[in-house]
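If you read the sequence shown in this note's numbering, its first letter stands for residue 5, the second for the next number, and so on.
Notes follow the structure.
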Amino acid sequence: MKTILLRVFQVVLALMLLIAVYAVASGKTYLFKAVIYNFAGIDDYQKFSNDTVTVAAAKPWAEGNTIKDYPDSLNQLLEKIETVALLVIKKDSVVLEKYWDGYSD
Numbered sequence: 005m006k007t008i009l010l011r012v013f014q015v016v017l018a019l020m021l022l023i024a025v026y027a028v029a030s031g032k033t034y035l036f037k038a039v040i041y042n043f044a045g046i047d048d049y050q051k052f053s054n055d056t057v058t059v060a061a062a063k064p065w066a067e068g069n070t071i072k073d074y075p076d077s078l079n080q081l082l083e084k085i086e087t088v089a090l091l092v093i094k095k096d097s098v099v100l101e102k103y104w105d106g107y108s109d
């Protein structure tokens with residue numbers, strides 16, 4: 005039984021080493037970070053390298069009849085699920101835009 009466990013351990017270790025060698029050889033070292041930071045979060049862009057995407061001149065959204073008040077139950081739900089941004093668009097117009105926890109910057 006002990007030799008079987010040792011053999012399984014050796015095979016698993018060899019597979020992990022093979023995957024690591026592949027990652028380094030192919031230049032996909034981000035796989036190591038993906039294993040370390042295996043749970044996704046909203047601030048993951050700070051942990052990984054980023055590329056800048058160039059865009060054409062921005063066109064501002066039209067603003068429609070702004071929603072000034074919405075149900076308190078919705079606000080409680082948004083706080084419970086830790087929402088940091090809410091954008092409501094109706095017929096090509098922004099009717100509600102709200103940010104929490106400093107994400108408006």
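No residue lacks a Cβ here, since even glycine has one placed at the ideal position from N, Cα and C.
Anyone know if the C-beta pair for residue i and residue j falls short of 9 Å?
i: Trp65; j: Ser30; result: no
i: Lys51; j: Lys32; result: no
i: Lys1; j: Ala89; result: Beyond the ends of the chain as shown, which are 5 and 109, falls residue 1; an answer cannot be given.
Starting from residue i, trace the beta strand (DSSP E) in both directions and tell me its first and last residue.
i: Glu101; result: 97-103
i: Ile40; result: Taken as a continuous stretch (DSSP letters only), Ile40 belongs to no beta strand (DSSP E), being part of the alpha helix (DSSP H) at 34-40.
When you compare only the Cα positions, how much space is there between residue i and residue j?
i: Asn42; j: Ile23; result: 17 Å
i: Leu78; j: Asp105; result: 17 Å
i: Leu100; j: Ala27; result: 45 Å
i: Phe13; j: Tyr34; result: 25 Å
i: Lys94; j: Asp48; result: 30 Å
i: Lys6; j: Gly45; result: 41 Å
i: Val16; j: Gln80; result: 47 Å
i: Leu21; j: Ile40; result: 16 Å
i: Asn54; j: Leu9; result: 42 Å
First and last residue of the alpha helix (DSSP H) that includes residue i?
i: Ile8; result: 6-30
i: Lys94; result: No alpha helix (DSSP H) contains Lys94, which is instead part of the beta strand (DSSP E) from 89-94.
i: Asn79; result: 76-84
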